[in-house]
């Protein structure tokens, strides 16, 4: 049977720098590590590692013990990727994420970590975890049974049995196997797999390159047209809303510190004296209108009362009207460009589903006089940003909700941000493609049942 070989190469983007004192450092933004004073032979090894090389090939340039020591340092620091071959056929590869964790405890049960995910990646399958030090990319899929069973299948057919043992060792060393901390300690048990993966993948980290595969890369510029600023389905508004007098608001509004100290969530409403359409218009004018427009590399951008990453303003506001004087009940889309409303055709069943699924997050039995469903046209962000787009849209929801809280408090109304919502209910009510636009937040509003609760502070 053909023997196994392991090849090493420096991770893409690694640079070597030698100081005037002769010390050598490895650099890959934003990390650096000194590896000491290297001999000319060891420098030759580093230069050779721009390509895949075996320890035997490197030993021809440098004594075997020095080569082994240097490779250990490079592996320990996360500076190299490895490839395992059976003859000339690639079985799998490893790629460092950050310096490895402490060595695993010997003798513990071997099973995959609950944080591990497997997904297709080109012609291979990527095995990764947000808490692992390395990812593995399985090219020969006959090894997948060994991955999934974490070693129960140690006799794969078609290549040496030691391939499974090598793979199991690499899974263990990378931190892809389960640990007691995952469920036996709060620090591990508190994370669900999807929340930990989302946190990890949407933050800047060692294997992210700002402007290349993370952040504002404008990756879609030459592939897709940027989504327009105006909603492509609802278009312009059918119902114009009144514009409040800004000079009056400037003169009569309470100070910001008073509004912030007076802010609280109110969940009961005066159904005999409901919110008026004029107040709804003032609230939306204060919180969500377009104040100015512009261009960013072909993407239409805008200025609004709340800040947004790249000024893309991907969020859309849908008032679901239950009891507003001067406005028929139903679902509307707010047009921030024209400051108006466009009715959204939806069945009574879909509207009940949309309201009850969101109001379930409120204590008590009151129904909001208006439920603002906040949706994201995700492509407005994802056209420009990579890896962080969904995290950014959730941050925008929080910013918009706080803006709504402050405006409602200044107006003496009853505001309440909701913690739950049903994206399927939004899709059923609007008929929109959930991959293009989906709900991500909800906010309840009405006139408070108690004047004390909604006093204009």
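Residue numbers (the working numbering): 242 to 698.
Cβ coordinates follow ideal geometry from the N, Cα and C atoms, glycine included.
Quantities reported herein were computed from a predicted structural model and do not represent experimental measurements.
*Indicate whether residue 616 and residue 528 have their beta-carbon atoms separated by less than 8 Å.*
No, these two residues do not count as a Cβ contact at 8 Å.
*Throw me the rounded Cβ distance for the residue 611 and residue 561 pair, which I believe falls under 8 Å.*
For residue 611 against residue 561, the beta-carbon gap comes to about 7 Å, under 8 Å, which counts as contact.
*The beta strand (DSSP E) enclosing residue 507, as first and last residue numbers*: Careful: residue 507 lies outside any beta strand (DSSP E) and carries neither H nor E.
_Runs of alpha helix (DSSP H) wholly within the region 443-497 (minimum 4 residues, chain order)_ = DSSP runs (the alpha helix (DSSP H)) wholly in the region 443-497: 487-493.
*The beta strand (DSSP E) spanning residue 682 covers which residue range?*
Bounds of the beta strand (DSSP E) holding residue 682 are 679-687.
_Outcome for residue 574 when other beta-carbon atoms lying within 10 angstroms are tallied against a minimum of 16_ = Buried is the call here.
*Where does residue 698 sit, in a helix, a strand or coil, going by DSSP?*
Note that residue 698 scores 42 on pLDDT, short of 50, meaning its location in the model is unreliable; the coordinates nonetheless yield the value given after this. In the structure shown, residue 698 sits in coil (DSSP, three-state: anything other than H, G, I, E or B).
*asked:* Is it buried or exposed, residue 364, if we count other Cβ atoms within 10 angstroms and call 16 or more buried?
replied: Label assigned to residue 364: exposed.
*asked:* Is residue 364 close to the ligand ATP? I mean its beta-carbon at under 7 Å from any heavy atom of the ligand.
replied: Among the components modelled here there is no ligand, and therefore nothing to report on the ligand ATP.
*With a Cβ-Cβ cutoff of 8 Å, do residue 381 and residue 332 count as a contact?*
Yes. Within cutoff.
*Beta carbon of residue 655, beta carbon of residue 459: below 8 Å?*
Judged by beta-carbon spacing, residue 459 lies beyond the 8 Å limit of residue 655, meaning their Cβ atoms are not closer than that value.
_Alpha-carbon to alpha-carbon, residue 496 and residue 698_ = Confidence is the limiting factor: at residue 698 the pLDDT is only 42, short of 50, which leaves the residue's position unreliable, though a coordinate-based value still follows. Separation of residue 698 and residue 496 (C-alpha to C-alpha, rounded to the nearest whole angstrom) is 9 Å.
*Would a check of beta-carbon distances place residue 403 closer than 8 Å to chain B?*
In the structure shown, chain B cannot be found, because there is only a single protein chain.
*the region 644-655 touching the region 515-532, judged by at least three CB pairs closer than 8 Å*: A contact exists between the region 644-655 and the region 515-532.
*Identify whether residue 557 lies in helix, strand or coil by the three-state DSSP scheme.*
Under the three-state reduction of DSSP, residue 557 is assigned to strand.
_Please identify the residue among 314, 279 and 256 whose C-alpha is closest to the C-alpha of residue 268._
Measuring from the Cα of residue 268, the nearest candidate turns out to be 256.
*beta strand (DSSP E) runs contained entirely in the region 590-642, provided each spans 3 or more residues*: Complete beta strand (DSSP E) runs here, min 3: 611-617.
_Using 8 Å for Cβ pairs, my map puts residue 384 next to residue 404. What's the rounded Cβ distance?_
About 7 Å separates the beta carbons of residue 384 and residue 404, which is inside the 8 Å limit, making them a contact pair.
*Are residue 585 and residue 671 closer than 8 Å when you measure CB to CB?*
A Cβ-Cβ contact shorter than 8 Å links residue 585 with residue 671.
_Chain-order list of residues whose beta-carbon lies under 7 Å from that of residue 602 (same chain, five-residue window excluded)_ = For residue 602, where only same-chain residues beyond five positions count, the Cβ hits under 7 Å are 659, 660 and 661.
*Indicate whether residue 454 and residue 337 have their beta-carbon atoms separated by less than 8 Å.*
Note that the C-beta distance between residue 454 and residue 337 is not below 8 Å.
*So residue 620 packs on residue 473, CB below 8 Å; how close in whole Å?*
The distance from the Cβ of residue 620 to that of residue 473 is about 10 Å, inconsistent with a contact at the 8 Å cut-off.
*Among the residues of its own chain, which have a CB less than 8 Å from the CB of residue 536, if the five just before and after it don't count?*
In the same chain as residue 536, and ignoring 5 residues on each side of it, the C-beta atoms closer than 8 Å to its own belong to 542, in chain order.
*For the 8 Å Cβ check, are there 3 or more pairs between the region 628-639 and the region 475-491?*
Using a C-beta cut-off of 8 Å, the region 628-639 makes no contact with the region 475-491, since fewer than three inter-stretch Cβ pairs fall below that distance.
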